[in-house]
Amino acid sequence: MTVDTPRHVSSQAVDLTNCDREPIHQLGKVQSYGALIALSSDWIVQHASENLGEILGVSADDALGRPLHELIVSDAFDRIRRNLRVVELPDGVLRLFNVTMCASGRAFDVSVHGSDDMLVIEFEPKMSQSGRDVLAEVYPQIAALSRNRDLLALTRTAARALQELSGFDSVMVYQFQPDGSGKVVAETRSDGMAKYDGMMFPASDIPVQARALYKRSLLRLIADVNDPGTPITPGASLDGRPIDLSLAVTRAVSPIHIEYLRNMGVEASMSVSIMKDGDLWGLFACHHHSPRYIDYERRTAIEMFAHMFSYELSRFEDGQRKRAEHEASRLQTLLMGHMANGRPMAESLLAVSEDIRQVIPHDGLVLFENEEFNATGSVPSEGEFRSMARFLDRSIGSSVFQTDCLGKLVEPARDYATRTAGILAIPISKRPRDYLVLTRRQVEETVNWAGDPTKPAIVGPNGHRLTPRKSFEAWRETVTGRCAPWSPQELHAADRLRTVLLEVFLKVTDAANLERKRAQEQQQLLISELNHRVRNILNLMRGLLAQSRSSATTLEDFTANLDGRIQALARAHDQLTSEQFEPASLRDLITCEFAAYASGKTERVLIEGPDALIGSTAFTTMALVLHEMATNSIKYGALCDTGGRVHVKLREDSSGGMLIDWIERGGPPVTPPKRRGFGTMIIEGSIPHELKGDADINYKMTGVEAHFRLPSTVISQIVRQPGSAPAAPAPGAAVGDGALRLSGTGLVVEDSLIIAMDAAATLEDLGASEVKTHSSVSSALTWLETNRVDFALLDVNLGDEQSLPVAEALYAAGVPFVLATGYGAAAELMETYPPCTIVQKPFSASSIEQAFKTAFAKLQQKSD
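Under my numbering, think of the first position of the sequence shown as 150, with each following residue one higher.
Given below as structure tokens:
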């Protein structure tokens, strides 16, 4: 469609944008089938169409300046005012049907709306009643819409229904495309032919301002293209502005659009807007080959039908989106399954590429992650893609990006359009960009246009403006360099997939970053500790050399003494650097530190109290703390001369933890350190931070005193002092000569068959008469309801569940049990599970034996 160019731009160059600036809402006329008046806020007539006398019986000249209640009967006036209260002006429209407006008793259909600061009232004489109920005709057509299962069937059903309701010769469903052009997706004609079905119409056929009016006023009737229209008088208000007729149902038609319709051979037309999600999805375009008027009440019913079609359209597309969401969820499950098996992201994505293809059809897939190129199918080369990736980095945000003509955006892409003509790019990370890109090959197709879309700018007979094209014959265009367009449902599925991939990617990235951060922190700590220890070791070696030389009488004595002391030092460092070991003796750790560093002064170190077996994490922490305490005592404290002593008291507290009192006496006067160095931080902070215990050190004049508390969560076993009464054997086990002998029935709960068989065999070797194995919580609990068990070995993680309910049931029944885990989170497990003993995987026969010794000993202590 082309339109008049306003006078103030008549000297400008003529191009298609002039069409978009015609004030088609201010033409100053109405169509002759209705009359119009405009009222001021006090209901005085300010404007009137010149056909007011023919329709209402009061001439325009007589009406101007008079109040409305003098022009129409009081019942009509009261009805308008009463119903107007529920309409939200200015965009709301009041519709009244069968309203008696004058003394003759003639009935009218009335439309009332706001325009600027005026109230516009339009009158259409009511057609003779045929006895037909309009709503009774509409409801069956609405019901028919819900029976369609695809878009083509839905639009065809709607076109047939609208033709039956309106009586027009032809009805087309016209869908707007992303570039503003339109496509006829359904057509029904009284002659049974298909004239425009499937054809494209250029965007210039429906200018921007016309589309804006279609969104505000949803139905537009042009009853007769040969109707010259009736002017509104006066043509403008006092400030020179013409009246705004945007919402006027009788608004006259642009002469350019009249010319357009005549060129199509159309005598009457009606358009009904199809709205979706607040935007203009398309139109019902109705054409007739002779003048045709439809009264306002029927037009309102047709508009209601269009609303229901919009609802069914939204419902249909919502169903498509839900299916896309379901498929995306399925893809997430598949992808997480692959990654759970330890496969990298690139390998996992390529493994599910066929599943992605079923949801979003494509010819190739590229994963560009951490600057690495992984691809399958018909895709650009790595070099070509890297050029494309730079475009994506510059041009798109964090949302899904699509194009069906990549060559328009990336010029080098024109050279490989046969391999990749369009892309769907899914960002899966923050900068630097990582993408999953789906590609489609070029699809060479012929597009049928209803006339040449490149409408030439020719000055025509209606003034200095573009002339409507006169030919609507099919005009074929061969399109290359494009792929099949990406549908809204595919874009929605891509957005859902983006969410899934972003979640997976961020989890993997966060896990890697966290692991990297932990490794860096651990490395820094180790470097600091290494520097600290190397300096101490160098000083120590000098001391060892000097002491060994002064005390040795022969070279052989010197060599033997020095070698023994170096070996003691090495054993202490072996304990510190061991990655994993069984619970070890705290007393031995203290002894080892002094043996390595105190030379001949160990007889001045007194260690008393019960021993404790502590796990690897606690052992490493305590090795650092005791090393600092011992070396400080040797360098500065009680052991730096010949008279001092160190007294280490080990005591069990009421909660099952271990108290360590370090008391130095007889050494030189103590001077508190002038600065808080690395060694002091280790002493004061390691136990509270790492083990959730306590540490307190006092630099008294009489000697250093330190008090440490190890919580019960890091204590595997408290060992009685030598000479104390041994613990009585617990039920289900007998201990003789340090060996464990089990008796009775055992239970193994483990989801790995091989590990379960190995554990059961180990328990049988230790004396169990029978061992039952179960792989899940439910089966184990069911068995325990009817069977007695004397001891149990439980794996912590059983697939997607944990063995906590079984542990709680065993604890309630007083059955000793051991937890097996490969994660090493002993403290966390001790907080969550009932009191128990923990053995680390992979376990051995000896580690299981030791664990059950501890478990039965704890049970005996509890009974005592």
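Glycine included, each C-beta is placed from N, C-alpha and C at the ideal position. Keep in mind the model is a prediction, meaning the values are calculated, not measured.
Rounded to whole angstroms, how far is the Cβ of residue i from the Cβ of residue j, which I believe are closer than 8 Å?
i	j	result
I392	I407	No, I392 and I407 are not in contact; Cβ-Cβ is about 21 Å, not under 8 Å.
I812	H796	5 Å
L959	T970	Between T970 and L959 the Cβ distance is about 16 Å, and since that is not below 8 Å, they are no contact.
R447	V283	5 Å
L499	T525	6 Å
Q591	T629	6 Å
P529	Y584	That pair is no contact at about 13 Å.
A397	L238	Not confirmed; about 14 Å, so no contact.
A308	E336	6 Å
L942	L915	Between L915 and L942 the Cβ distance is about 11 Å, and since that is not below 8 Å, they are no contact.
L432	Y323	5 Å
V248	H262	Going by Cβ atoms, the distance from V248 to H262 rounds to 16 Å, so no, they are not a contact pair.
D444	D258	6 Å
S804	S865	About 15 Å; that fails the 8 Å criterion.
Tell me whether residue i is buried or exposed, calling it buried when 16 or more other Cβ atoms sit within 10 Å of its Cβ.
i	result
Q326	exposed
E998	buried
R647	buried
A961	exposed
Q669	exposed
G612	At G612 the pLDDT is 47, less than 50, meaning the model places this residue with poor confidence; the figure from the coordinates comes in the next sentence. Its Cβ having fewer than 16 others within 10 Å, G612 is exposed.
T851	exposed
A877	Residue placement at A877 is poorly supported in this model, since its pLDDT is 35, which falls under 50; the coordinates still yield a value, given next. That one is exposed.
R858	buried
A1006	buried
Q507	exposed
What are the start and end residues of the beta strand (DSSP E) that includes residue i?
i	result
S422	A417 to K425
P510	No beta strand (DSSP E) holds P510; DSSP gives it neither H nor E.
E286	Per DSSP, E286 belongs to no beta strand (DSSP E); it is in the alpha helix (DSSP H), V283 to L294.
W811	M807 to R814
T382	T379 to T382
A122	Outside the displayed span of the chain (150 to 1013) sits residue 122, for which this structure offers no information.
E757	V754 to E757
S865	I864 to V868
L368	L368 to I371
When DSSP builds the beta bridges, which residues end up paired with residue i?
i	result
Q551	L573
A118	This structure cannot speak to residue 118, because the chain is shown only from 150 to 1013.
N847	E854
K178	P380
H923	V898
R800	L808
I186	A197 and I270
F940	G895
A385	BP columns for A385 are empty, so no partner.
F433	V322 and V421
D428	K425
I987	L968
G584	For the record, residue 584 in the displayed sequence is Tyr; it is not Gly. Answer is F517 and P576, bridged to Y584.
E794	The residue asked about is misnamed: residue 794 is Arg in this sequence, not Glu. BP columns for R794 point to R814.
T249	A256
L1008	Per DSSP, none; premise fails for L1008.
A401	Answer is none; A401 lacks a bridge partner.
P216	I193
V242	H262
A733	I763
Looking at the secondary structure, which residues open and close the alpha helix (DSSP H) in which residue i lies?
i	result
A412	Residue identity differs from the one stated: residue 412 is Asn in this sequence, not Ala. That run of the alpha helix (DSSP H) goes P404 to M413.
I903	L902 to D914
R543	E531 to S544
S315	L300 to S315
N232	S223 to L233
G526	Looking at the DSSP string, G526 is not in any alpha helix (DSSP H); the run it does join, the beta strand (DSSP E), is E521 to G526.
A359	V357 to R365
D210	A209 to A212
Is there at least one non-hydrogen atom of the ligand GTP closer than 7 Å to the beta-carbon of residue i?
i	result
L217	Among the ligands in the structure shown, none appear at all, so the ligand GTP cannot be discussed.
I'd like to know whether the C-beta of residue i is nearer than 8 Å to at least one C-beta of chain B.
i	result
A252	The structure shown contains no chain B; it is built from a single protein chain.
**Study point:** Segments assigned alpha helix (DSSP H), at least 4 residues, entirely inside the stretch 437 to 510
**Key:** 445 to 489, 494 to 500 and 502 to 508
Practice item. Identify every run of the alpha helix (DSSP H) within the stretch 945 to 969, keeping only runs that are complete inside it and at least 4 residues long; order them along the chain. Key: 953 to 961
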